[in-house]
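Those protein sequences? They're chains X and S, same order as listed.
Reading the first sequence from the start, the letters are residues 0 to 383 in numbering that gives the first Met the number 0.
Reading the second sequence from the start, the letters are residues 0 to 304 in numbering that gives the first Met the number 0.
Ideal placement from N, C-alpha and C gives every residue a C-beta, glycine not left out.
These notes concern the structure reproduced below.
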Amino acid sequence: MKNKIQIPSLSNYAGVVLVLVLSWWIKIELDQGQSEALYLSLWIGILFGIVLQRSRFCFYCISRDFFEKKNAKGLLGITVSLIIGTIGYHFIFGAFLIDPVFPNLPPNAHISPVSLVLVLGSFTFGFGMSIAGSCISAQLYRLGEGLLSALVALIGIVIGFIVAFQVWNFFYLNIIYNSPVVWFPHYFGYEGSIILQLTLLILLSYFLFIFHKKQKADQALVWWKVRWPTYVGGILVGLIAMIAFLRITPLGVTAEIGSMARTTADYLHMMPARLEGLDTMRGCITMIKNSFWSNNGLFIFGLVLGSFASAIFSEDFKIQIPDRNEIIKSLGGGILMGFGSMIALGCTVGNLLSGIMAASLSGWVFLIFCGIGLYLGWRIKSSY
Amino acid sequence: MNLIKKIALVLVFSFTTQVVLAQSKYLVDTNWLEENINNPKIRLIEVSVIPGVYERGHIQGAVNFKWHTDLVDTVNRDIVSKDKFQDLLIKSGINQDSTIIIYGDKNNWFAAWAVWVFDIYGVENVKLLDGGRAKWEAENRALTPLATKVEAGNIQITKTNNLLRARLSDVVAIANKKSDIALVDIRSAAEYTGKIFAPAGVPELSVRAGHIPGAVNISWGNAVNEDGTIKSVDELKKIYSAAGIDGSKPIITYCRIGERSSHSWFVLKKVLGYDVRNYDGSWTEYGNSVGNPIINLSGTVWGKT
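Structure representation (structure tokens):
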């Protein structure tokens with residue numbers, strides 16, 4: 000028995016086959032012109048989806064574990080990803096930009112203005128993810144696991160974006176316009192920035208450790224059903240973030256959703272003629288799409304696809320049909336998340352992960368206020 | 000005898016500097032660049048406009064010039080000032096005896112703008128990489144994401160030749176038939192005829208559509224082959240002379256903001272050797288100017304509903 004290696008049955012590979020077939024088909028579809036970046040985006044998305052699914056990298060779920068069970072393991076996975084990502088990003092910064100002299104910034108890194116709008120957006124986002132039960136990236140990977148309420152949440156997110164478009168110009172012209180963009184290497188150099196970030200992240204991890212209570216060990220399962228330890232997920236997320244930044248653009252999951260919202264709003268004649276200043280910003284920026292295939296669209300598609308394959312393989316896939324209550328929560332939470340991530344220029348991925356890894360103050364501000372919103376949302380939700 | 004002659008010819012060719020192999024002393028091809036990439040006399044400059052293109056992979060040794068801030072004066076709407084340009088060149092390790100090779104994305108449009116600026120400031124030995132970034136990539140040649148660290152150069156800019164630029168007054172004179180200079184509009188036919196105000200994906204920066212009276216339309220793309228390289232001198236002569244541009248008169252090129260027209264300026268001036276000036280104010284200046292006539296073959300009126 001001991002030496003016998005267990006192998007999952009053939010049906011577990013169905014998702015893997017689907018990934019191979021679809022990625023092959025997309026490769027052929029893309030083959031006209033320059034498509035390397037698009038194809039790579041798809042695969043980065045697939046890998047990201049697998050890692051999120053296997054290590055249960057759901058920002059809300061792991062926060063709830065911490066609040067309810069004093070289980071800090073999930074949150075420690077995030078700090079691990081930020082530590083790896085910080086180091087990786089700084090290595091890349093040094094290649095892209097030898098001297099971090101003001102006002103030069105590394106290309107596309109999610110370094111955005113710090114303002115009250117960011118505070119409001121982060122808070123709303125955090126609150127919304129508690130209500131909806133998952134942030135946007137987790138909705139996407141859980142959609143791959145068969146959670147159909149994620150589709151409702153996505154509709155809510157699109158609505159939230161459209162609401163945010165109506166107020167964007169007001170926020171931009173009155174607040175964001177003269178808000179500072181703070182990038183730590185401008186002040187402390189690359190070494191100083193790494194030291195500062197790692198110190199903060201290690202202190203944060205230590206804080207989480209203090210509250211952590213030892214959990215009951217998982218029951219022994221066959222190997223393909225075992226969730227990956229969160230620190231493994233954290234290391235892999237950090238590495239994927241690094242690869243994405245080096246080769247394409249930082250990780251983010253809302254740009255494509257924003258484009259969909261923009262197209263929808265345009266169709267409904269609810270789109271302002273212009274979104275002032277948006278094209279001068281960094282982060283998950285909502286663009287008008289010029290072509291069907293986009294880097295972020297393929298990344299998102301890959302994420303859901305990768306998670307689906309991984310869920311099938313590990314027998315986590317289960318179609319879950321939401322009841323009325325869940326539909327309302329997903330829709331309401333989705334609207335708040337859409338609104339928050341549009342005005343904050345990113346969500347837990349584009350702002351919290353890609354912002355903090357890029358040593359941008361905006362990422363840290365998002366972490367704090369999203370955390371506060373999340374906690375309040377959880378308190379309210381759990382008191383019902 | 001014939002065979003010996005042929006061999007001799009081949010030998011002579013391979014021993015002369017390979018620059019000769021390119022069509023013009025202002026162009027180098029990708030092969031030549033790859034072979035000479037470690038030559039300490041060569042300074043390579045990338046002028047790409049899509050953010051992150053240079054950083055994620057450029058030709059080894061290239062430094063990055065940003066068109067929007069490095070090569071223009073954003074306050075005066077002008078080309079970069081002499082002092083700022085000299086600082087940029089020194090910081091980029093350019094010496095008095097450097098051979099400068101420039102390339103970029105978007106078919107070398109902004110790279111050609113850079114060549115034009117170098118020309119105005121009298122810098123010698125400036126060449127364009129034929130086919131630009133796109134050809135280098137298409138040929139699967141190596142790129143690196145490592146930024147280039149260079150020691151300060153010693154170049155001194157001694158002259159400014161503003162005669163290489165055309166101004167609004169020059170083109171107004173052509174429009175009013177008070178000048179005999181040939182005018183080439185190198186934009187697309189849809190822009191030239193006034194069907195559209197600006198190309199797709201670009202903001203409408205002019206309140207009128209159409210072209211400057213007296214301008215002939217030879218789209219910049221006519222000057223390049225499928226792989227982005229500039230066509231042969233014979234072909235170019237045929238294309239331009241068909242539209243009456245044969246070098247017998249001085250020429251002015253323009254487009255929307257002066258970048259695509261830099262490409263045609265390069266072709267006409269550096270490859271064909273004509274007397275050519277680039278009108279960098281281009282349609283965004285002329286089209287908005289007050290009291291000057293345009294020709295709009297499509298009858299479009301801005302703001303009319």
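Inter-residue Cα distance where the pair is residue i and residue j
i        : j        : result
X/Ser340 : S/Arg255 : 36 Å
X/Val113 : X/Val181 : 7 Å
X/Trp23  : S/Ala189 : 38 Å
X/Gly93  : X/Pro105 : 9 Å
S/Val206 : S/Gly243 : 29 Å
S/Ala21  : S/Ala141 : Residue placement at S/Ala21 is poorly supported in this model, since its pLDDT is 47, which falls under 50; the coordinates still yield a value, given next. Computed Cα separation, rounded: 21 Å.
X/Ala71  : X/Thr78  : 11 Å
S/Ser178 : S/Arg164 : 16 Å
S/Lys40  : X/Val15  : 53 Å
S/Arg55  : X/Gln319 : 42 Å
S/Asn277 : S/Arg42  : 25 Å
S/Lys248 : S/Gly257 : 21 Å
S/Lys268 : X/Cys283 : 43 Å
S/Val62  : S/Gly131 : 15 Å
X/Leu75  : X/Leu207 : 7 Å
S/Glu309 : S/Gln95  : Coverage of chain S is limited to positions 0 through 304, which leaves residue 309 of chain S absent and any answer about it impossible.
X/Ile194 : S/Trp135 : 39 Å
S/Asp233 : S/Tyr102 : 24 Å
S/Ala113 : X/Thr279 : 24 Å
X/Pro7   : X/Ile91  : 39 Å
S/Val125 : S/Ile173 : 31 Å
Secondary structure of residue i, DSSP reduced to three states
i        : result
S/Gly290 : coil
X/Lys288 : coil
S/Leu43  : strand
S/Arg164 : strand
S/Asp169 : helix
S/Asp96  : coil
S/Thr283 : helix
S/Asn72  : Residue identity differs from the one stated: residue 72 of chain S is Asp in this sequence, not Asn. Strand at S/Asp72.
S/Asp86  : helix
S/Asn106 : helix
S/Ile156 : coil
S/Lys316 : No information on residue 316 of chain S is available, as it lies outside the stretch 0 to 304 that chain S covers here.
S/Asn277 : strand
Chain-order list of residues whose beta-carbon lies under 7 Å from that of residue i (same chain, five-residue window excluded)
i        : result
X/Leu185 : The residue asked about is misnamed: residue 185 of chain X is His in this sequence, not Leu. Around X/His185: Pro99 and Phe101.
S/Ser80  : Asp72
X/Glu255 : Ser293, Asn295, Gly296 and Ile299
S/Ala214 : Leu182, Val183 and Asp184
X/Val157 : Ile256, Met259, Ala260, Thr263 and Gly337
S/Thr143 : Gly56, His57 and Gln59
X/Leu115 : Ile174
X/Asp64  : Asn70 and Gly73
X/Glu275 : Asn168, Tyr171 and Leu172
X/Val231 : Ser54
X/Lys224 : Ser313 and Glu314
Other residues of its chain near residue i: CB distance less than 8 Å, five sequence neighbours each side excluded
i        : result
X/Tyr88  : Ala108, Ala240, Met241, Phe244, Met356, Ala357 and Ala358
S/Ala241 : none
S/Ala197 : Glu190, Glu203, Leu204, Ser205 and Arg255
Contact check, residue i vs residue j, beta carbons under 9 Å
i        : j        : result
S/Leu204 : S/Ile154 : no
X/Phe307 : X/Leu41  : no
X/Ile311 : X/Asn11  : yes
X/Leu297 : X/Ser121 : no
X/Ile82  : X/Gly237 : yes
X/Ile326 : X/Ser129 : no
X/Val348 : X/Leu117 : no
X/Gly159 : X/Ser148 : no
S/Leu296 : S/Thr192 : yes
X/Thr229 : X/Gly73  : yes
X/Arg273 : X/Leu344 : no
S/Thr299 : S/Gly227 : no
X/Cys346 : X/Thr285 : no
S/Leu26  : S/Leu127 : yes
S/Ser288 : S/Val201 : no
Same chain, Cβ closer than 6 Å to residue i, five either side skipped, listed in chain order
i        : result
X/Ile49  : Gly305 and Ser309
X/His211 : Ala71
### Query
Mind pulling the alpha helix (DSSP H) runs of 4 or more residues that sit fully within the region 38-91 of chain X?
With a minimum length of 4 residues, the unbroken runs of alpha helix (DSSP H) contained wholly in the region 38-91 of chain X fall at 58-68.
### Those runs of the alpha helix (DSSP H) which lie wholly inside the region 84-163 of chain X and span at least 4 residues
List check, alpha helix (DSSP H) in window: 115-131 and 135-143.
### Task
Pick out the complete beta strand (DSSP E) segments inside the region 337-376 of chain X, 3 residues or longer, and give them in chain order.
Counting only runs of 3 or more, we get nothing.
### Task
Could I get the ranges of all uninterrupted alpha helix (DSSP H) runs contained in the region 254-287 of chain X, with 4 residues as the minimum, in chain order?
You should have 254-266.
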